[in-house]
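Undergrad: Just so you know, we're using the working numbering here: the sequence shown kicks off at 59 and counts up by one. If you scroll down you'll find the structure; I have some questions about it.
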Amino acid sequence: MSHTTASVVVIGAGPYGLSTAAHLRSRGLSVRVFGAPMASWSENMPAGMLLKSPPSASSLSAPQPGFTLDAYARAAGEGRLGEHEQVPVELFVRYGLWFMRQLVPGVEDVRVRTVDRQAGGGFRLKLASGEELTASAVVVASGLTGFAHVPEALADVVPDGPSARGPVSHTSHHTDLTGFAGRRVLVVGAGQSAQENAALLHEAGAQVRMLIRGSGLNFGAPPGSGPHWQPDTPVGRSWALYGFVHRAAAFRYLPATARLWLVREVLGPCGAWWLRPRVEHRFPVLAGQRITGAVVSGDGVEVSSTSRTVTSYRLEADHVMVGTGYRVHLEALDFLSPELRAGLLRTGGFPRLDAGLGSSVPGLYFTGLPAAGSFGPVLRFVCGTRFASSRLASAVEAYCASAA
59 MSHTTASVVV IGAGPYGLST AAHLRSRGLS VRVFGAPMAS WSENMPAGML LKSPPSASSL
119 SAPQPGFTLD AYARAAGEGR LGEHEQVPVE LFVRYGLWFM RQLVPGVEDV RVRTVDRQAG
179 GGFRLKLASG EELTASAVVV ASGLTGFAHV PEALADVVPD GPSARGPVSH TSHHTDLTGF
239 AGRRVLVVGA GQSAQENAAL LHEAGAQVRM LIRGSGLNFG APPGSGPHWQ PDTPVGRSWA
299 LYGFVHRAAA FRYLPATARL WLVREVLGPC GAWWLRPRVE HRFPVLAGQR ITGAVVSGDG
359 VEVSSTSRTV TSYRLEADHV MVGTGYRVHL EALDFLSPEL RAGLLRTGGF PRLDAGLGSS
419 VPGLYFTGLP AAGSFGPVLR FVCGTRFASS RLASAVEAYC ASAA
């Protein structure tokens, strides 16, 4: 069994992990990155999916210019996208892998089994390969892994957990929706993933119905719409969104209850403007519903729901696909030892982070969605890598220097 050392270990090789590692390496730090490159985008999103963010907001953060999505399209000879065109997920994956080859070569597609503190400082890690190593600092950039949310009433009918092949799944379980042609699929949720999966299912020949809690589906405003005295941002036009994007460092000074509410509600259940013609009037949408129970019946699922007018429904489907988003809870990060997780201060389910994205455990950092509880909803989007990566790298560099 080999034993090695590194200054920094980055767990995760998606947009946040690759961006962070690129900034760390540019500072001369010894960095090892573990994870399947761009796996969440290639293995947990359906073929034909389009990113909600425009091309200008879909670039990873690099420590030097020349590594944007547009730069990749030019270098690879792919068609360059206009500002208001959509980014296919397949293109985004190819771009992420190109970014990795250019700036973060040597990513190791190996699972980290455990991370624990070691006496005297630093961390001890065990890999699925059998290797053990120590590191001064660890950055958790594992993306959405483990955070998929399924309503309790639906989770109860699949004791082994939701899955693509079972009666209940989450939208993140699918890469190919063509197999649902001719089947009755009930899509639960009203956000981007629920709406887009419903559209793709319908276009693949499935018999789709949507069940949502709100009074109706919402869609973002088309580009160029809205009051032009308000600033435009990668996630929409408004002064509030401008603050979330460009003043994310100040977000952590808001009261905890306000932060949790804003992360949950800002840019909440809403489809992109370009989804409207693919969703509206294309299939039934049952609004104002609360799921009260579900039971597996034969080869399908029977879902019970109640509306605000106390009208009860029983909906039969061959499959239920849940698009109710993600909820951060640190117990899902089971590669962190129980002792390590117990030492993490939290705000709701999020780790409480300092200005450099460091947790209450010295040397342990979080980026991406888990950092949204401290820095706001921009950390839910690819464009959040611009804010997080250089800030985190600077903090890690200073920490490693002080620990040397």
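We treat Cβ as the ideally placed atom computed from N, Cα and C, and that holds for glycine.
When the Cα of Glu148 is compared with those of Thr364, Gly178, Asp234 and Pro163, which residue comes out closest?
TA: As a position in the sequence shown, residue 148 is number 90, starting the count at 1. Checked all of Thr364, Gly178, Asp234 and Pro163; the closest Cα to Glu148 is Asp234.
Undergrad: State the Cα-Cα distance for the pair Ala462 and Gly86, rounded to the nearest angstrom.
TA: Stepping through the sequence shown from its first residue, residue 462 is reached at position 404. Stepping through the sequence shown from its first residue, residue 86 is reached at position 28. So the alpha carbons of these two residues sit roughly 14 Å apart.
Undergrad: Taking Cβ positions, are Arg175 and Leu398 nearer each other than 9 Å?
TA: Against the sequence shown, residue 175 aligns to sequence position 117. Against the sequence shown, residue 398 aligns to sequence position 340. Yes, they are a contact pair.
Undergrad: Helix, strand or coil for Met59? Go by DSSP, reduced to three states.
TA: As a first step, residue 59 is located in the sequence shown; it is residue number 1 there, counting from the start. Model confidence at Met59 stands at a pLDDT of 49, short of 50, so the residue's coordinates are unreliable and nothing is read from them.
Undergrad: Run through DSSP, which three-state label would Thr315 get?
TA: As a position in the sequence shown, residue 315 is number 257, starting the count at 1. Looking at Thr315 - three-state DSSP - the assignment turns out to be helix.
Undergrad: For the pair the segment 193 to 201 and the segment 371 to 383, tell me if three or more CB-CB distances fall below 8 Å.
TA: no
Undergrad: Would you mind stating whether Phe393 and Val170 have Cβ atoms separated by less than 9 Å?
TA: Here residue 393 refers to the residue found at position 335 of the sequence shown. Here residue 170 refers to the residue found at position 112 of the sequence shown. Yes. Within cutoff.
Undergrad: Between which two residues does the alpha helix (DSSP H) harbouring Val147 extend?
TA: Against the sequence shown, residue 147 aligns to sequence position 89. From DSSP, the alpha helix (DSSP H) with Val147 extends over Val147 to Leu161.
Undergrad: Under 9 Å between the Cβ atoms of Val343 and Gly263?
TA: What you label residue 343 is simply residue 285 of the sequence shown in a count that begins at 1. What you label residue 263 is simply residue 205 of the sequence shown in a count that begins at 1. Not closer than 9 Å, so no.
Undergrad: Where does Ala134 land, buried or exposed, given buried means 16+ other C-beta within 10 angstroms?
TA: Here residue 134 corresponds to residue number 76 of the sequence shown, with the count starting at 1. With fewer than 16 Cβ atoms within 10 Å of its Cβ, Ala134 is classed as exposed.
Undergrad: By Cβ distance below 8 Å, which residues in the same chain neighbour Gly240 in space, the five residues on each side in sequence not counted?
TA: Your numbering for residue 240 matches position 182 in the sequence shown. Gly263, Ala264 and Gln265, listed in sequence order.
Undergrad: Using beta-carbon positions only, say whether Gly58 and Gly179 come within less than 9 Å of one another.
TA: This structure cannot settle anything about residue 58, because the visible part of the chain is limited to 59 through 462.
Undergrad: Does the beta-carbon of Tyr311 have 16 or more other beta-carbons within 10 angstroms, so that it is buried, or is it exposed?
TA: Working through the sequence shown from its first residue, we reach residue 311 at position 253. Around the CB of Tyr311, fewer than 16 other CB atoms lie within 10 Å, so the residue is classed as exposed.
Undergrad: With distances taken from CA atoms, which of Ser355, Val196 and Ile349 is nearest Tyr371?
TA: Along the sequence shown, read from residue 1 onward, the residue named residue 371 stands at position 313. Nearest of Ser355, Val196 and Ile349 to Tyr371, Cα basis: Ile349.
Undergrad: Under 9 Å between the Cβ atoms of Pro217 and His231?
TA: Locating residue 217 in the sequence shown gives position 159, where the first residue counts as 1. Locating residue 231 in the sequence shown gives position 173, where the first residue counts as 1. Pairing Pro217 with His231 gives a Cβ-Cβ distance that is not under 9 Å.
Undergrad: Could you give the uninterrupted runs of the beta strand (DSSP E) lying entirely in the segment 368 to 411, keeping only those of 3 residues or more?
TA: 370 to 375 and 377 to 380
Undergrad: For the segment 80 to 140, list the beta strand (DSSP E) runs that are entirely contained and at least 3 residues long, ordered along the chain.
TA: As far as the segment 80 to 140 is concerned, its whole beta strand (DSSP E) runs of at least 3 residues are 89 to 92.
Undergrad: Find out if the Cβ-Cβ distance for the pair Gly442, Tyr74 is shorter than 9 Å.
TA: Position 384 of the sequence shown, counting from 1, holds the residue named residue 442. Position 16 of the sequence shown, counting from 1, holds the residue named residue 74. In this structure, Tyr74 lies closer than 9 Å to Gly442 by Cβ.
Undergrad: Within 10 angstroms of the Cβ of Ala456, are there 16 or more other Cβ atoms? Answer buried if so, exposed if not.
TA: For the purposes of this step, residue 456 is taken as the residue at position 398 of the sequence shown. With fewer than 16 other Cβ atoms within 10 Å, it is exposed.
Undergrad: Starting from Ala193, trace the beta strand (DSSP E) in both directions and tell me its first and last residue.
TA: Along the sequence shown, read from residue 1 onward, the residue named residue 193 stands at position 135. Bounds of the beta strand (DSSP E) holding Ala193 are Glu190 to Val198.
Undergrad: Taking 8 Å as the cut-off, does the segment 208 to 215 touch the segment 103 to 113 (at least 3 CB pairs, one atom from each stretch)?
TA: no
Undergrad: DSSP on Thr425, reduced to helix/strand/coil?
TA: The residue labelled residue 425 in the question sits at position 367 within the sequence shown. Residue state, collapsed to three classes: coil.
Undergrad: If the criterion is Cβ atoms closer than 9 Å, does the pair Glu166 and Arg90 meet it?
TA: For the purposes of this step, residue 166 is identified with residue 108 of the sequence shown, where counting begins at 1. For the purposes of this step, residue 90 is identified with residue 32 of the sequence shown, where counting begins at 1. Yes. Within cutoff.
Undergrad: Using 10 angstroms around the beta-carbon of His81, count the other beta-carbons present and answer buried if the total reaches 16, otherwise exposed.
TA: Within the sequence shown, numbered from 1, the residue matching residue 81 stands at position 23. By the neighbour-count rule (16 or more Cβ atoms within 10 Å), His81 is buried.
Undergrad: Ala257 to Ser251, Cα distance in whole Å?
TA: For the purposes of this step, residue 257 is identified with residue 199 of the sequence shown, where counting begins at 1. For the purposes of this step, residue 251 is identified with residue 193 of the sequence shown, where counting begins at 1. Spanning the two alpha carbons is a distance of roughly 10 Å.
Undergrad: Which of helix, strand or coil does DSSP assign to Val67?
TA: Translated into the one-based positions of the sequence shown, residue 67 becomes position 9. Reduced to three states, the DSSP call for Val67 is strand.
Undergrad: Can you name the residues that DSSP bridges to Glu360?
TA: The sequence position of residue 360 within the sequence shown is 302, counting from 1. Paired residues: Val353 and Glu374.
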